[in-house]
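To start, the structure itself, in structure tokens.
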Amino acid sequence: DAMVIQNPRYQVTQFGKPVTLSCSQTLNHNVMYWYQQKSSQAPKLLFHYYDKDFNNEADTPDNFQSRRPNTSFCFLDIRSPGLGDAAMYLCATSRVPLGGTDTQYFGPGTRLTVL
Amino acid sequence: QKEVEQDPGPLSVPEGAIVSLNCTYSNSAFQYFMWYRQYSRKGPELLMYTYSSGNKEDGRFTAQVDKSSKYISLFIRDSQPSDSATYLCAMRIQGAQKLVFGQGTRLTINP
């Protein structure tokens, strides 16, 4: 089945220690998104890639970076995690242009704990 | 004021009840409306998708959009314990990639 895969599902890191989260997709979608979701809150879009074009949300901290080496993979790098960065990180994909019933399809998420 | 407002609950109902979940929004440009279901510690999965106004039915689920009132609803008939999850409404404007989410309503169906 075509899908969005995230690794690891659970990640524990220390305050200030860089961490990388991984997302891969077999849907062959042009667009890949990274969201941050804290407990009982809506997913918050951090940035997205349209093919190789990077689109950062205005309020995304510089501490968060992303790489997309090819169509299938996208990485979220947190350079110096703080306690406030503990959250579920969701990867999503979509086709472009979105039309008809196209929407975003989510992976299972990576739960990040910062000690 | 948030663009999309959704009562976070929690909402607890007995098995078999009809459940009504709702969102209001302020941006009249929204054209596409979605409901995602998110089980605990999992990613959101698309449940229903509606374009513009009207109703859409899929099994026990019915999505309604009332653009004149800027109000969308999800109805669940014959609710089951397996429907226990957080339900997120989401919407977007024509041509936009970005989804705007509600906060999510946490629903529990009691056997």
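Protein chains in written order, with the numbering used here: chain S, 1297 to 1411; chain E, 426 to 536. Here a beta-carbon is modelled for each residue, glycine too, at the ideal position from N, C-alpha and C.
Buried or exposed: where does residue i fall if 16 or more other Cβ atoms within 10 Å of its Cβ makes it buried?
i, result
"residue 1317 of chain S", "buried"
"residue 532 of chain E", "buried"
"residue 1299 of chain S", "exposed"
"residue 1381 of chain S", "buried"
"residue 493 of chain E", "exposed"
"residue 515 of chain E", "buried"
"residue 1363 of chain S", "exposed"
"residue 454 of chain E", "exposed"
"residue 1311 of chain S", "exposed"
"residue 431 of chain E", "buried"
"residue 1322 of chain S", "exposed"
"residue 1378 of chain S", "exposed"
"residue 1333 of chain S", "buried"
To the nearest angstrom, report how far apart residue i and residue j are at their CA atoms.
i, j, result
"residue 536 of chain E", "residue 501 of chain E", "16 Å"
"residue 1351 of chain S", "residue 1371 of chain S", "14 Å"
"residue 459 of chain E", "residue 449 of chain E", "13 Å"
"residue 482 of chain E", "residue 440 of chain E", "20 Å"
"residue 1406 of chain S", "residue 438 of chain E", "30 Å"
"residue 1388 of chain S", "residue 1401 of chain S", "5 Å"
"residue 567 of chain E", "residue 521 of chain E", "Because residue 567 of chain E is not part of the residues shown, which for chain E are 426 to 536, the question remains open."
"residue 390 of chain E", "residue 1313 of chain S", "Residue 390 of chain E lies beyond the residue range present for chain E, which begins at 426 and ends at 536; the question has no answer from this structure."
"residue 1399 of chain S", "residue 1390 of chain S", "6 Å"
"residue 1337 of chain S", "residue 1403 of chain S", "17 Å"
"residue 479 of chain E", "residue 1376 of chain S", "47 Å"
"residue 444 of chain E", "residue 506 of chain E", "12 Å"
"residue 1369 of chain S", "residue 452 of chain E", "33 Å"
"residue 495 of chain E", "residue 477 of chain E", "11 Å"
"residue 523 of chain E", "residue 530 of chain E", "21 Å"
"residue 498 of chain E", "residue 1331 of chain S", "24 Å"
"residue 484 of chain E", "residue 519 of chain E", "27 Å"
Note down, in chain order, every chain E residue with its Cβ under 8 Å from the Cβ of residue i.
i, result
"residue 1405 of chain S", "466, 467, 468"
"residue 1392 of chain S", "522"
"residue 1386 of chain S", "468, 469"
At 7 Å on the CB atoms, spell out the chain E contacts of residue i, in chain order.
i, result
"residue 1344 of chain S", "522"
"residue 1341 of chain S", "523"
"residue 1261 of chain S", "The structure shown does not extend to residue 1261 of chain S, since chain S is modelled only from 1297 to 1411, so the question has no answer here."
Mind listing the chain S neighbours of residue i? Cutoff is C-beta to C-beta under 9 Å, in chain order.
i, result
"residue 528 of chain E", "1336, 1337, 1338"
Give the interface partners of residue i over in chain S, defined as CB-CB distance under 7 Å, in chain order.
i, result
"residue 512 of chain E", "Here the premise fails: no neighbours, minimum Cβ distance about 12 Å."
"residue 433 of chain E", "1336"
Quick one: list the residues of chain S neighbouring residue i, beta-carbon separation under 8 Å, in chain order.
i, result
"residue 536 of chain E", "Those within 8 Å of residue 536 of chain E in chain S number zero; the least Cβ separation is about 24 Å."
Check whether the segment 1354 to 1362 of chain S and the segment 1333 to 1343 of chain S are in contact - that is, three or more C-beta pairs closer than 8 Å. yes
Anything in the segment 488 to 499 of chain E with a Cβ closer than 7 Å to a Cβ of chain S? List those residues in chain order, please. none
Evaluate contact between the segment 470 to 479 of chain E and the segment 488 to 500 of chain E, counting only Cβ atoms and requiring at least three cross-stretch pairs below 8 Å. yes
Interface positions of the segment 440 to 459 of chain E facing chain S (Cβ-Cβ less than 7 Å), listed along the chain: 459
The segment 1313 to 1326 of chain S: which residues have C-beta closer than 8 Å to a C-beta of chain E, in chain order? none
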